[in-house]
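In this note's numbering, the protein residues as written are -11 to 418.
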């Protein structure tokens, strides 16, 4: 079951031509489209299903710098500024609150990881600080567990995935962006090896530039054009409680649970120490690229095989522009919730903060994350196909950086001065 997204009134017909086509109606593609429209560049955004129907509405809503790699933090810092202005920019509340994020640890080894991270980013001037057990108890009262310590960044925060994409989409439409849902892009049109348009299930659109922001589907789309993008899927199960009295407005991540306040007064909770890794053919094809991640994070993965493997195998990897594409066969990827992981999260959370003992579960869902070998996204041009730019592979932390990621993609598409140095995100690093 997917979260309920604020509805957006979109178009049903395609124009014959535009300047930029954005493929994918997640929050990064929408932010890029809004940014381009604010620069008076004509944009058409095409979504195979519903806007934000997949990971853009299913993520945890955290907006953080804490524990990001140092070369990814400039994007997060730029996003902080853009999130703070998003309500004014869109004319709607996106649920952004700069209430802080805290990670807590049980062992000295976990604390050493936080200390090492803090040293690695000390040149960036963040407000992150290490906390003692007493300081954790003061900020998040009512706990029963004695923590070895934690790390806290007061300038981190949260926003609401079910509100933000819709607000950005509505603002983009008001700026002149044409958005069409339930319209899959089957392939690129090329002239002299360069982008000249896109072929959709509803016809062709001529354009000068294409931004591919297709999330988990970007690998399959590019593969049909002979381009290999290394991403693999992981599945995160999430639950939401009904409104309740909680211990803090701060978002808290422990080794085996996390929670943050929801805008309706409930809490968003997950088993932070476990993700489902349902095997696919891609694990056999490119899994070797992830050996370093597997060595360090094997304990986090619940590896399984079964019907997900066969469903994925049944989807075509090569198709013609006039043929039905995989994106029409699966409009919205809706993974099954893992109730056992959600129960683990609640059990661990209640043991740490008993206030959650009386929590009532209102909803649960799962989302599929597209993970790259270095857990950084790809934001940049594809040299083999001039006119094609990527903004994909966000590895489960794209929502928080989406305002700056979308703007960076728009900068690169339009030839503007990039909001931050795009070098860490170049496609060629793979």
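By construction, the Cβ of each residue, glycine as well, lies at the ideal position given by its N, Cα and C atoms.
Which listed residue (the options) has its alpha carbon closest to that of residue i
{"i": "residue 263", "options": "28, 289, 285", "result": "289"}
{"i": "residue 305", "options": "255, 192, 9, 268", "result": "268"}
{"i": "residue 207", "options": "382, -3, 285", "result": "382"}
{"i": "residue 244", "options": "15, 333, 85", "result": "333"}
{"i": "residue 175", "options": "190, -7, 379", "result": "190"}
{"i": "residue 399", "options": "377, 384, 418, 389", "result": "377"}
{"i": "residue 140", "options": "31, 242, 286, 69", "result": "242"}
{"i": "residue 143", "options": "317, 89, 343", "result": "89"}
{"i": "residue -2", "options": "165, 370, 380", "result": "165"}
{"i": "residue 157", "options": "248, 394, 402", "result": "394"}
{"i": "residue 16", "options": "287, 386, 343", "result": "386"}
{"i": "residue 204", "options": "217, 192, 198", "result": "217"}
{"i": "residue 27", "options": "404, 417, 132", "result": "404"}
Residue i versus residue j: straight-line alpha-carbon distance, rounded
{"i": "residue 180", "j": "residue 372", "result": "12 angstroms"}
{"i": "residue 75", "j": "residue 24", "result": "18 angstroms"}
{"i": "residue 345", "j": "residue 270", "result": "41 angstroms"}
{"i": "residue 336", "j": "residue 186", "result": "49 angstroms"}
{"i": "residue 294", "j": "residue 312", "result": "25 angstroms"}
{"i": "residue 0", "j": "residue 184", "result": "22 angstroms"}
{"i": "residue 18", "j": "residue 233", "result": "34 angstroms"}
{"i": "residue 474", "j": "residue 188", "result": "Any question about residue 474 goes unanswered here, given that the chain covers just -11 to 418."}
{"i": "residue 368", "j": "residue 257", "result": "33 angstroms"}
{"i": "residue 196", "j": "residue 125", "result": "56 angstroms"}
{"i": "residue 122", "j": "residue 222", "result": "35 angstroms"}
{"i": "residue 94", "j": "residue 342", "result": "17 angstroms"}
{"i": "residue 43", "j": "residue 238", "result": "23 angstroms"}
{"i": "residue 450", "j": "residue 137", "result": "Within the shown structure, residues of the chain are numbered from -11 to 418, placing residue 450 beyond reach of any answer."}
Environment of residue i [buried if 16+ CB atoms lie within 10 Å]
{"i": "residue 79", "result": "exposed"}
{"i": "residue 321", "result": "buried"}
{"i": "residue 48", "result": "buried"}
{"i": "residue -9", "result": "buried"}
{"i": "residue 110", "result": "exposed"}
{"i": "residue 214", "result": "exposed"}
{"i": "residue 330", "result": "buried"}
{"i": "residue 135", "result": "buried"}
{"i": "residue 424", "result": "The displayed coordinates of the chain run from -11 to 418. Any statement about residue 424 would go beyond what the structure contains."}
{"i": "residue 379", "result": "buried"}
{"i": "residue 361", "result": "buried"}
{"i": "residue 391", "result": "buried"}
{"i": "residue 250", "result": "buried"}
Any C-beta of chain D under 8 angstroms from that of residue i
{"i": "residue 219", "result": "Absent from the structure: chain D. Only one protein chain is present."}
**Request:** Taking 8 angstroms as the threshold, find out whether the segment 21 to 38 comes into contact with the segment 158 to 176 through three or more Cβ pairs.
**Result:** yes
**Message:** Quick test of the definition: if touching needs 3 or more C-beta pairs under 8 angstroms, does the segment 98 to 109 touch the segment 146 to 158?
**Reply:** no
**Message:** Could you check whether the segment 403 to 417 touches the segment 56 to 69, counting it as contact only if at least three pairs of C-beta atoms, one from each stretch, sit closer than 8 angstroms?
**Reply:** yes
**Message:** With three or more C-beta pairs closer than 8 angstroms as the rule, is the segment 324 to 332 touching the segment 115 to 134?
**Reply:** no
**Item:** Contiguous alpha helix (DSSP H) assignments of at least 4 residues, all confined to the segment 322 to 365
**Value:** 327 to 340
**Message:** Within 8 angstroms, do at least three Cβ pairs link the segment 218 to 230 to the segment 339 to 355?
**Reply:** yes
**Prompt:** Taking only runs of the beta strand (DSSP E) that begin and end inside the segment 12 to 46, which ones reach a length of at least 3 residues, in chain order?
**Reply:** 31 to 34
**Request:** Starting from the N-terminal side, write out each stretch of the beta strand (DSSP E) that is 3 residues or longer and does not extend beyond the segment 245 to 297.
**Result:** 245 to 249, 255 to 258, 263 to 266, 289 to 292
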